[in-house]
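Asks:
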Amino acid sequence: QFVCTSTSPPLVCPPFGMLTLEKYTIGVGDRFAHQAKAQLQACVKLAEEGVDVVPVWNKSNREHSFIGSEPQSVYDAAKSAVNTLGWRQGWHVDADHINLDTVDKYLDSSDFFTIDVADYIGQGVDGNVVAAFVAKHPELVGTVAIEGIDKPFKITAEYVEEVAGKYLGAAAEAARIYRHIESKKDQFIAEVSMDETDVPQTPPELLIILAALADEGVRLQTIAPKFTGRFNKGVDYVGDLAQFEKEFNDD
């Protein structure tokens, strides 16, 4: 990767036309556009210790509406911090939890898009579409071993059909939003959010979800699944830490 001299995101522009998310990133929420320098300073200190972590400044449409701010303010605060501290590594601005109705106002100021399709999970899907998906993916049926997980999973065609019926509509909506962004921007990072649901997703569910997104041509680089417990802002995690650790490592 090389650092662009552009004054608008993305600041890190890998060759071959696709913006690539760095290996280690940290999401930082600068709610009132006053904390970006302090947040970036933490990344500077990590770099001094030999740990390269790239900040991703994020603020959801809901938070903007609460505060009365605009997406450009997040980018402006981040860019000011980058210039002040002389940060020469990558950084990103996330249009967090956007949908087709809200995405357009983030296009100029964001290079990272968290596509939120939680509302489409469990929506009805035509039975023929589900059957076609199951037929297309025989690799998902049977004994499936996943690297990093001790025991293989036994997945039936009926289970794939059930999960596909639950998530194919969400995958199709994610693709609709993705293609809209793609029609407006040459380079961006896509994340798909499935986390605002009631029940945590299992590794087999995520395999099926990822297959569905791949079928739709969504080139996501990260996915936000649902985990056990509650992650509220400004307070400690609430839930079963051991179960969360297992779900996090398996997913």
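Everything in the sequence shown is counted per our numbering, starting at 24 for the first residue and increasing by one. Ideal Cβ positions, reconstructed from N, Cα and C, are used throughout, including at glycine.
Alpha carbon to alpha carbon, how far is ASP273 from TYR129? Give it in angstroms, no decimals.
Replies: One C-alpha to the other measures close to 33 Å.
Asks: Pair every Cβ in the region 234 to 251 with every Cβ in the region 191 to 205, then say whether three or more of these pairs are closer than 8 Å.
Replies: The region 234 to 251, when compared against the region 191 to 205, does touch it at the 8 Å Cβ threshold.
Asks: Could you name each continuous alpha helix (DSSP H) segment of 4 residues or more that falls completely within the region 100 to 180, going from the start of the chain to the end?
Replies: Entirely contained in the region 100 to 180, the alpha helix (DSSP H) runs reaching 4 residues are, in chain order, 150 to 159.
Asks: For ALA198, count neighbouring Cβ atoms within 10 angstroms of its own Cβ and tell me buried if that reaches 16, exposed if not.
Replies: Under this definition ALA198 is a buried residue.
Asks: Put PRO78 into one of helix, strand or coil per three-state DSSP.
Replies: The answer is strand: DSSP assigns PRO78 an E or B state.
Asks: Does the beta-carbon of PHE271 have 16 or more other beta-carbons within 10 angstroms, so that it is buried, or is it exposed?
Replies: Per the 10 Å Cβ criterion, exposed.
Asks: In whole angstroms, give me the CA-to-CA distance for LEU63 and ASP209.
Replies: Taking the straight line joining both Cα atoms gives about 27 Å.
Asks: Quick one: measure Cβ to Cβ for LEU163 and ILE90, integer angstroms, because I've assumed they're closer than 8 Å.
Replies: With a Cβ gap of about 43 Å, LEU163 and ILE90 do not count as contacting.
Asks: Starting from the C-beta of GLY188, find all residues in its chain whose C-beta is less than 6 Å away, skip the five residues before and the five after it, and write them out in chain order.
Replies: Around GLY188: VAL148 and VAL153.
Asks: When the Cα atoms are used, what is the spatial distance from ASP259 to ASP119?
Replies: Going by the C-alpha atoms only, they are around 22 Å apart.
Asks: Restricting to Cα atoms, I'd like to know which of GLU181, VAL77 and SER96 is closest to ASP131.
Replies: When only C-alpha atoms are compared, the closest one is SER96.
Asks: Which same chain residues, not among the five before or five after ASN84, have their C-beta less than 7 Å away from its C-beta?
Replies: Once the five neighbours on either side are set aside, the close Cβ partners of ASN84 are HIS120, ILE121 and THR125.
Asks: Between the alpha carbons of VAL157 and THR137, how many angstroms are there, rounded?
Replies: About 27 Å.
Asks: Could you check how far apart the C-beta atoms of PRO78 and SER133 are, in whole angstroms? I think they sit under 8 Å.
Replies: That belief does not hold up - the Cβ atoms of PRO78 and SER133 are roughly 14 Å apart, past 8 Å.
Asks: Give every residue of the same chain whose Cβ lies closer than 6 Å to the Cβ of ALA168, excluding the five residues on either side of it in the sequence, and list them in chain order.
Replies: Closer than 6 Å at the Cβ level, and outside the excluded window around ALA168, lie PRO175.
Asks: Distance check for ILE212 and LEU243, CA to CA, integer angstroms please.
Replies: Taking the straight line joining both Cα atoms gives about 7 Å.
Asks: Return the first residue and the last residue of the beta strand (DSSP E) that GLU214 is part of.
Replies: Note, GLU214: beta strand (DSSP E), 212 to 216.
Asks: Tell me which same chain residues have a C-beta within less than 7 Å of the C-beta of GLN146, skipping the five on either side of it?
Replies: Cβ within range, chain order: GLY192.
Asks: So for GLY240, helix, strand or coil by DSSP?
Replies: GLY240 falls in the coil class under three-state DSSP.
Asks: Less than 9 Å between the C-beta atoms of ASP117 and ASN81, yes or no?
Replies: Yes. Within cutoff.
Asks: Given a cut-off of 9 Å, decide if MET217 and ILE178 are closer than it, judged by their beta-carbon atoms.
Replies: No, these two residues do not count as a Cβ contact at 9 Å.
Asks: Within a Cβ cutoff of 7 Å, which residues of the same chain sit near VAL186, ignoring the five residues on either side of it in sequence?
Replies: Hits under 7 Å: GLU228 and ILE231.
Asks: Grouping DSSP H, G and I as helix and E and B as strand, with all else coil, what is SER92?
Replies: Reduced to three states, the DSSP call for SER92 is coil.
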